[in-house]
Amino acid sequence: MKDVYSTGEPNRPESYGAANRDIIRVLLKPSAAYFAMLFVAVSMMLFGVWCEYQQIRWGMGVANIKHPTMWGVYIVTFVFWVGIGHAGTLISAILYLVRSRWRTGVYRASEAMTVFAVMTALLFPVLHLGRMWQNYWFFPYPNQRQLWMNFKSPLMWDVFAISTYFTVSAIFFYVGLVPDIAIFRDHSKGLVKKVYGLLSLGWRGTHRQWHHYMAAYGFFAALAAPLVLSVHSVVSWDFAMANTAGWHSTIFPPYFVAGAIFSGCAMVITLLMPLTYAFNWHAYVNIWHFDALAKMCLLTSAILTYAYGMEYFIGWYSQNPYEQAIFFWRADPWADYGWAFYIMVFCNCVAPLPWYFQKLRTNPWALFIISIFINIGMWFERFNIIVSSLAHNFDPATWDYYWPSWIEWGILIGSTGWFFTWFLLFVKTFPAIAITEIKEMIPPPLKGSLEAK
Amino acid sequence: MSSATGIRIKGIYEHLDCLLTGIDRLKKANITGWTVMAPLPRHEILEIVYEGRPSPVRWWTLTGAVTGMTIGLLLTSLTNTQWPMILPGGKPVVSLVPYAVIMFECTILGGALFTTLGAIVHCGLPGFFLDKAIQDPRVTDSSFGIVFTDAPTGDQAKIEAILRDSGAVEVTSGDATLYDVPNN
Amino acid sequence: MNRRNFLQALGLGTGASALSACGLDYNRYYTPIEQILPYVVKPENVTPGVPTFFATSITTGPHAHPVLARHRDGRVVHVGSNKHAPLVRACVPKAALLELQRHYSPDRYKGPMEGTAALGWNDGAVPKLTAAVQAAKSAGKQVVWLGQYRSGSMVELLKSVVDKVVMWEPNGYEAEATAAQMVFGTRFLPRYDLAGASYVLSFGANVLGGWGGTRLQSDFAIARNPNGDHVIARYAHVSPYRDQSAANADDWFAVTPGSEVLVARAVAKLVAQKTGFSGPAVAALGNIDTATAASAAGIDAAAIEAIAAQFASGNAVALPGGAIGAGRAATELAAATYLLNIVGGAMPTLFSGGGYRAPIANTKDIMDLVAAMNAGNVGVLLVDEANPVHALPYSGFAEAMGKVGTTVAFSSHPDETAELCKLKMPAADTFEDWGDEEPLLGFTLLRQPAMSPLNLIHRPLGEQEQVATKWDVVSAGEVLVRVGQALGTVTAKTWRDYLRERWGRMVFDADVLAPPRDRARREAEASGAPWPPVGPDGAPVVEPPPHQDARFGAWFNKQLANGFHKNDLAERPQVLNVTGNVQWAADVAPAGSGDMTAILVPHAHVGDGRYANTPWAQELPDPMSGIVWDTWAEIHPDTAAKLGVVDRDEVEIKSANGSVKTSVEITKSVRPDTVAIQLGQGHALASMRYANGIGVNAALLAKDVDAHGAMAWSGNKVTVTKTGGRTDVVHTFGGDSDEDRNFAVVVNAEQFAAKGDAPADHPGDLTGIHHLEIDKRLTDIGLTDFYPIPQHPTYRFGMTVDTDACNGCGACSIACYAENNLPVVGREKVRQGREMSWIRIDRFYKGDETHFVPMMCQHCGHAPCESVCPVWATYHSLDGLNAMVYNRCVGTRYCSNACPFSARKFNYHTYVWPEPFNMQLNPDVVTRTMGVMEKCSFCVQRIRSIKSAYKDAATETTNFNAVVPDAALARLPACAEACPSQALTFGNLEDPSSTVTRTRKSGRNYFPLEDLNVFSAVNYLAKASFHVAKAEAHHGGGHGGGDAHGATEGGHGAEKAHDGGHGGGHDEHGKADEHGSAGDHH
Amino acid sequence: MLRTVSLLLTAALFSTGLSCVVAEEQLIDDARFPLEPHLILPVWGPSNGQVAAGVATGVAPEQPIPFSHYLHAGKNEIQCEYCHSAARKSIHGGVPEISVCMNCHKFVRTKSKHIQKVTEYWQKGEPIPWQKVHDLPDYVNFAHVRHIRAGVDCTECHGQIKLQGKPTYTDDGGELPLLAVDKVMVRETTLQMGWCLDCHATHPSVDENYGESAETRRAELKDCWTCHK
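Chains as they are written, first to last, in my numbering: chain U, 1 to 453; chain G, 454 to 637; chain X, 638 to 1719; chain E, 1720 to 1948.
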């Protein structure tokens, strides 16, 4: 067994074929533990479906959203999942463009996480609608009513941004998968081979294919890179464009993007850590990668801490009474949402601090536990921004306290189940490590007797 | 594509340097019609084959991006001018600042979709457009290959010799032998 | 599958692919084929789809008010104001709207019943009643009528049918009537004319909450408005409890319970000294000195002197105790206020004898009635909407009813008393009946049916069919006429004939026949001709009864069309003479043991309990506490600290008579030694589905009457103990303070009185609000906003809310419920924050003032909600309305988040109106389904119809470019129409002469959250206060804000007058003292 | 072990869910404030249903009386507004009251079985249950008065009414041949929003009526709140 605690680059497999055989192991018969996890995930998803059924049947009243807090857990969770969905494309696109070496081991799993997280996030704008069955009105298509949409609405930007992001990251993800699925195809038989054959689009690995593939992949990375930064900016404009105090701030786009990367990287740690041990992938993913991810988290945590501070500074500096009131109230530990604020501050600003010690940054347990804290903290960050600003909006006579109903919790649980169902199915059926790119890191087989041009 | 009139030849290499030598010798011998197969995009292969010529996919990307941006501008502006009296929040009918977001997203989307299309077209995907002969499970594993799907019958011996001499571990030709590939 | 189903399936495919017609009817991709049921014979002047207005009067007794019932396609859908009625300002009393909903209550008795067995009218109920009355009369037993206050023909009819008429209401005017008998020798209610008052002194009467009728609210608003006479009426309230009415008072003197009478007498003494008044009134005041009164009342003697000084300065009027002042000396208190009015010179202008003269019984009379019933002296008891079983739990009324031979309920709705009656003869209610009322002397209101008795039309709907339900009701008058016919005391054939006959005799004769007759008589007397004239046969000519006169029919129809009749008695001052003496009770303090006094307050909307089963009354938040669907105990913070209770703790309140457990509401509106509890709730009757189980019956605390037989509601000592439990009382209010966000703004009353609302040089300069400054360089180049305000070709509709006039009564809100089909969501959903009211009356405490600020959609010019809607469901309409298209809404709720005023309401569910509530729905407004936003539309359906009406003003030609004038717009929306104080004024901001444009130039104009720059179409006028300093001119800031408007709103008149250099010049000096000096030129 | 834990976890999840949903139902199910649930799968309509208004043309429900516009308005040239007198005053076009029918049919063709049926309704004082053909959704505010006064012809929305309800006569041996009408009233137009808007944008009556302010009126005619309640 290799030294999984070393912080250096992992020892790669000796040959291309060894890499193939390492990864192909995921196709072995799954263990009972896998089925148990899948069962729990599917159950959670079904519970969410049940809650959503109630909500469609009886209306939004089964959720506890109330005046003036008209957005609650659904939008909080939406932003949370969109944020999670940032790390994958960040790692696969931006780190690809900057030729970062540690990207190779983790990018496929985090891309999968991105695609599934965005799929999860996409549920929420639909199911938070009062009339979700009218959601097709969001899309521009010619209709007899001659009606179109309001492209000045941040929600419309959201529709375009999230669907573009989903499309581009799904294509990027799939494009990366094609040569690897071809490997799976060539290692399987019968019907499975046919399915992989279809999914690999008949990839042959010819020089022509590789030439255009590499060009296209580069362009995808170049297109996806600004998209990563824009998507959460657009999501943040959902809030920043409304005049609600606590939302109406120019700092939101960078603040949200940093938060998204923060939560995304933490989620990559949370997901990959058990996976690495379960599939014994230490030759591909090891502490070296987690160390890099933790450093990303530390950077973005610092940005977030700065942003939190800056919100307060601007609240004071602007002398805007509404801003001041909302920020003062948020931070009041005895106020309605004081606890949420301090959970957020603890999880996002304090909890990552141990990672400044290399020892803790390289300890699997410390990495895993702190990453979970970060996930929780980032959910509460969105809860803080969305709920507390609305609950104490401009007219004091309408102030009220919002607490989610069981239906809302149920749909949150259901969305987690939905995400994990996809992710679990993915890791057992597709190469969660980018085999082809791993091969690029393995020295090519050379005979040496002939002169190489 | 079974419209081939010539002979099919396949050489399998286990070493990259041998493969590169093979390609080089084929090029020097002015033999065309070969296809290199590799489990990974080694830049040595692409360099020796393409000699630095860029992929035309970039034009697809550019076209897609420009088209997307135009569609974004037209979609937002034209649909809103259809309802000129609706000025939400007092904003003008054609407000370029908010539309810039839509245009940006459309640019990226158009670029990505056209790039996909370009890649599909240029790569010859899906694979049923490719000759079945260009298929060998070994090249997705650890081997490389050079395949002729339609070599002039007269060149067969010459080609086979080049392949063997450059270090191919296996050289087959004809039809049936090519399709009979080992499967592990 | 038959051919039809197949075609339907085919059609569904078409529908699904066309993706259309999925609006609010989303639930039905199939719509049932509706039926068109035309009239068999169309009634005259009724066109389907066009509303018909019936002038009628609503509610009974002294509160009767002229209104117009809006009839549409066979049913009354709304109650509007009667603009032509004199003596009352055009408004819709809250009670009128509550009656409207009560009219459609599913709990209404459906027909006559004996026990629970249904009867017919002609073959069952009426003969049984007739037989019972005849039997009672022949047995020498009494036939007694116990009912709510009624006047006019009904009283006359009753007197000819029954032996004893007891007209009683739990929180009625018994003390006032008894006091009038004591002081003036007759039993009546004095008339108060507040419009001319400059000082209103109430000893507990909630004059702005319905006491004395809605007329007084309107009158007070006139007195409060200084435009024209430069006087603002000052309102002082002397009471231990500050209710919604008292919250509007400029001075609240929290005296000990029961001591109001001492204060009133002490003030009267001082006033008499100051004015030098002498006469029997002074003598009647007895001996009282200021110091004693002050110490008993727990206030400074200086306060009493201050009140007296104010009162003596003229145009002052004192009001009695009302329900809250009904302590151990309730009657004496009323008497003391009468004497105070007389010595203060209020009579006969502000206080006169021309009030209500129909019978008013004392609670003592009920007790006597119970005794008579127990003694077996009552043969038949007729009950008409009176509920002593609930209101007087200790009277033994329920037991006594068992000893009466026949008990008959004429009540149209079930209540505790009606349910105990053996015979139920549900009477036609106010929208189905004929009748008249005389709330003031010489001012008679007619009532006519605005619709035929309620019935549900048989309508096939889908596969299940609705069973036809008919409310088989007959007017109480009709029944009494039939009984009277059997007794031989009534000759008229029907109740309508009876009414016509009486109107002929009493009104037509005096109005039309008497003048020529008098002239003829004078001529005859002058010429010596015989009088009455003799015919050719020598016998005197017998004139036919007046109602058979040829002119009577047309005359009566004209009165019906007007809905009222006024004769010169109504305008003639009725001087009152003090004839009696008052025996002043020595001990006015509450009885019983305990350290607190319970103040029993009629619920602000439910009243004495009559509207407990009316969902609108329950759902409308209490103006002061914001509590809905409950009773609660208001406790002073000091007392609460002493008891160790917090809001929503349960306390037990125990008097010598009984105890109740209810929820704590901590407020400074009570004295520390008092606890206030709402009356009218605590019904436990399954047949009152909306009242059942709501709150507790606070009447359980009171039992005794005062020395003169009036109920001493607030005369009981109680002990308050914490039970340790918690309650689930439902509040709708958030914060009590407006956090200095300019929702609640005051002006100095004298400053306002001096300037009025005349266009000021600097709009809003009286309010003292500091506006955010805009850089001069920006205003100079007209760059105050990113985008210009949208252009409006003809109209930009706007509204003015006068927060000084608004007293928080809530009539606007209920009118909105009625007009715009707002669903009632019930207690549980209000707890979840789901009330649907489009108008929220924010209550803020600020300084010494309580502010009521009606907040509805502000129809902003730059609406934050519009730009965020992804599907254009909300947008800025051509008329400047912030339009909301319900069936385009997908329910993102982003608009609500963006709205700074939280004016938007969301449909969390698809609410269904239980039949027959659905018959009240306004057909011009769609009912909303789950998942869509809604909000105030400025009653766009009314705007649409009035624009259409002005185009079609000429029958043959159409003036397509007709513009609706300001006068027709001012009271157009349902809220503005209903407001008794006319605090809401609607109009066109594009019209430079309209009221809304003028008020925007007023010195007390302000916009809540103006610094958000949303350009509201609703402007607010600050509340006048006598307790704030005069505003220093605040040019620097004020100009900045003002200029923003001037520059961007372009053609909006005077705001333009001070743009450019003027404002900018001041902006250059930022110092306060310079502003002060600059302000001198105002 | 893991399996047991996961089973227990799932059971707990479901029982919590069940109890929550039951509690939710109880909260919602208050007969005093009834709610209408949304149909999850609105697959099949009621037996007397039609496809939601406005989707398809050619809809012709069966009517209680085989009335023929072809005879009344076409052959006998009775003006539309003689019977539909409300159209100039009201938002409704106004199906005539039976008394209007009886104005003539007290004397005209009294022996016809259909007229006798009308007379029967008249004598019983019951309305004739006509089935609605031109049905707009409840959220639409359509005013006949505005269209009639603007000079829009009835046929522009209702189609060639004068040609509808062409009768055939069957001699059943009675005194009068029995009239049969294939389709009493057919909806010839879609009544959809786009259809309304097209007319609002182009109808010449706007220029004729509004003169200089025609442009404003055109904008007003496109304003949502002109037609939506």
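Every residue gets a Cβ at the ideal spot worked out from N, C-alpha and C, and that includes glycine.
Since the structure is predicted, the reported quantities are computational estimates derived from the model, not experimental observations.
What are the residues of the region 1482-1507 of chain X that lie near chain E, defined by any Cβ-Cβ distance shorter than 8 Å?
Among the residues of the region 1482-1507 of chain X, none has a Cβ less than 8 Å away from any Cβ of chain E.
Taking 8 Å as the threshold (C-beta atoms), are X/ILE941 and X/THR929 in contact?
As a working mapping, residue 929 of chain X is identified with position 292 in the third sequence. As a working mapping, residue 941 of chain X is identified with position 304 in the third sequence. Taking 8 Å as the cut-off, the beta carbon of X/THR929 is found no closer than this to the beta carbon of X/ILE941.
What residues from chain G crowd round E/ALA1938, counting only those whose CB sits closer than 8 Å?
The sequence position of residue 1938 of chain E within the fourth sequence is 219, counting from 1. Counting only Cβ-Cβ distances below 8 Å, E/ALA1938 has contacts in chain G at PRO537 and MET538, in chain order.
Per DSSP, U/THR206 forms a beta bridge with which residues?
Numbered from its first residue, the first sequence carries residue 206 of chain U at position 206. Answer by DSSP bridge pairing, in chain order: G/MET490.
Taking DSSP as the reference, what is the three-state secondary structure of G/ILE561?
Along the second sequence, read from residue 1 onward, the residue named residue 561 of chain G stands at position 108. Three-state result, G/ILE561: helix.
Residues in its own chain within less than 7 Å of G/GLY459 by CB, not counting five upstream and five downstream?
The residue given as residue 459 of chain G occupies position 6 in the second sequence. So the list reads ASP603, ALA604, PRO605 and THR606, once near-sequence residues are dropped.
Specify the secondary structure class of X/ASN642 as computed by DSSP and reduced to three states.
Along the third sequence, read from residue 1 onward, the residue named residue 642 of chain X stands at position 5. Because the pLDDT of X/ASN642 is 31, which lies under 50, any placement of that residue in the model is unreliable, and the number read from its coordinates should be weighed accordingly. Note: X/ASN642 maps to helix in three-state DSSP.
What in chain X is Cβ-close to U/LYS193, meaning under 9 Å?
Stepping through the first sequence from its first residue, residue 193 of chain U is reached at position 193. Chain X residues near U/LYS193: none, gap ~39 Å exceeds 9 Å.
Comparing the C-beta of U/ASN20 with each C-beta of chain G, is any distance below 8 Å?
If you number the first sequence from 1, residue 20 of chain U lands on position 20. Taking Cβ atoms only, chain G reaches closer than 8 Å to U/ASN20, which makes this a yes.
Chain X contact residues for U/GLN324, given Cβ-Cβ distances below 8 Å:
For the purposes of this step, residue 324 of chain U is taken as the residue at position 324 of the first sequence. Correct list: empty, because the minimum Cβ distance to chain X is about 11 Å.
Continuous beta strand (DSSP E) stretch holding X/ARG1477: start and end:
What you label residue 1477 of chain X is simply residue 840 of the third sequence in a count that begins at 1. Here the beta strand (DSSP E) through X/ARG1477 covers 1477-1483.
Following the continuous beta strand (DSSP E) through X/ALA873, name the residue where it begins and the one where it ends.
In the third sequence, the residue the question calls residue 873 of chain X occupies position 236. Annotation for X/ALA873: the continuous beta strand (DSSP E) segment containing it runs 871-875.
Mind listing the chain U neighbours of E/LEU1754? Cutoff is C-beta to C-beta under 9 Å, in chain order.
The residue labelled residue 1754 of chain E in the question sits at position 35 within the fourth sequence. The answer, in chain order, is TRP58, GLY59 and GLY61.
Minimum length 3: unbroken beta strand (DSSP E) runs contained in the region 275-344 of chain U:
For the region 275-344 of chain U, not a single whole beta strand (DSSP E) run of length 3 or above is found.
Identify whether G/SER595 lies in helix, strand or coil by the three-state DSSP scheme.
Walking along the second sequence from the start, residue 595 of chain G turns up at place 142. In the structure shown, G/SER595 sits in coil (DSSP, three-state: anything other than H, G, I, E or B).
Measuring only the C-alpha atoms, how far is X/ASN1457 from U/VAL168?
Start at 1 with the first residue of the third sequence, and residue 1457 of chain X comes out as number 820. Start at 1 with the first residue of the first sequence, and residue 168 of chain U comes out as number 168. If you take the alpha carbons of X/ASN1457 and U/VAL168, they lie about 47 Å apart.
Measuring CA to CA, which of U/GLY448, U/THR421, U/VAL387 and U/THR436 is closest to U/GLY72?
Numbered from 1 along the first sequence, position 72 holds the residue referred to as residue 72 of chain U. Minimum Cα distance to U/GLY72 is reached at U/VAL387.
Let me check one thing: in DSSP terms, what residues is X/ASP888 bridge-paired to?
Within the third sequence, the letter at position 251 stands for residue 888 of chain X. DSSP, once it has assigned bridges, lists X/ALA873 as partnering X/ASP888.
Separation of X/LEU853 from X/GLY1172, as counted between CA atoms
One-based indexing of the third sequence puts residue 1172 of chain X at position 535. One-based indexing of the third sequence puts residue 853 of chain X at position 216. Linking X/GLY1172 to X/LEU853 through their CA atoms gives a straight-line distance of about 52 Å.
Residues that E/ASP1942 contacts on chain G, provided the C-beta gap is smaller than 7 Å
Taking the fourth sequence and counting its residues from 1, one reaches residue 1942 of chain E at position 223. Residues of chain G whose Cβ lies closer than 7 Å to the Cβ of E/ASP1942 are, in chain order, MET538.
Are the region 102-119 of chain U and the region 420-431 of chain U in contact at 8 Å, needing three or more beta carbon pairs?
Remark: three or more beta-carbon pairs, one from each stretch, lie closer than 8 Å, so the region 102-119 of chain U and the region 420-431 of chain U are flagged as touching.
Less than 8 Å between CB atoms is the rule here; does U/TYR398 satisfy it with respect to chain X?
Within the first sequence, residue 398 of chain U is the residue found at index 398, counting from 1. Sequence check: residue 398 of chain U is Thr here, not Tyr. Closer than 8 Å: yes.
Any residues in the region 1841-1860 of chain E with a beta carbon nearer than 9 Å to a beta carbon of chain X? Which ones, in chain order?
Within the region 1841-1860 of chain E, the residues whose Cβ lies closer than 9 Å to some Cβ of chain X are TRP1841, LYS1843, GLY1844, GLU1845, PRO1846, ILE1847, PRO1848, TRP1849, GLN1850, LYS1851, VAL1852, ASP1854, PRO1856, ASP1857, TYR1858, VAL1859 and ASN1860, listed in chain order.
Simplified DSSP state of X/GLY717, which is helix, strand or coil
Residue mapping note: residue 717 of chain X aligns to position 80 of the third sequence, counting from 1. When secondary structure is reduced to three states using DSSP, X/GLY717 falls in the strand class.
From this set, X/PHE1047, X/ALA1668, X/HIS1664 and X/ARG879, which residue's C-alpha is nearest X/VAL1111's C-alpha?
Within the third sequence, residue 1111 of chain X is the residue found at index 474, counting from 1. When each option's Cα is compared against that of X/VAL1111, the closest is X/PHE1047.
For X/ILE1331 and E/CYS1820, I'd like the C-alpha separation in whole angstroms.
For this step, residue 1331 of chain X is matched to residue 694 along the third sequence. For this step, residue 1820 of chain E is matched to residue 101 along the fourth sequence. Roughly 54 Å between the two C-alpha positions.
Three-state secondary structure (DSSP) of X/LEU783
By 1-based counting over the third sequence, the position of residue 783 of chain X is 146. Here X/LEU783 carries a strand assignment [DSSP, helix/strand/coil].
Continuous alpha helix (DSSP H) stretch holding G/GLY521: start and end
Taking the first residue of the second sequence as 1, we reach residue 521 of chain G at position 68. 510-534 is the extent of the alpha helix (DSSP H) around G/GLY521.
In terms of DSSP beta bridges, what is X/PRO1177 paired with?
Translated into the one-based positions of the third sequence, residue 1177 of chain X becomes position 540. Bridge partners of X/PRO1177: X/VAL1171.
Less than 8 Å between CB atoms is the rule here; does U/LYS439 satisfy it with respect to chain G?
Translated into positions along the first sequence, residue 439 of chain U becomes position 439. For U/LYS439, the answer is yes, since a Cβ of chain G falls inside 8 Å of its Cβ.
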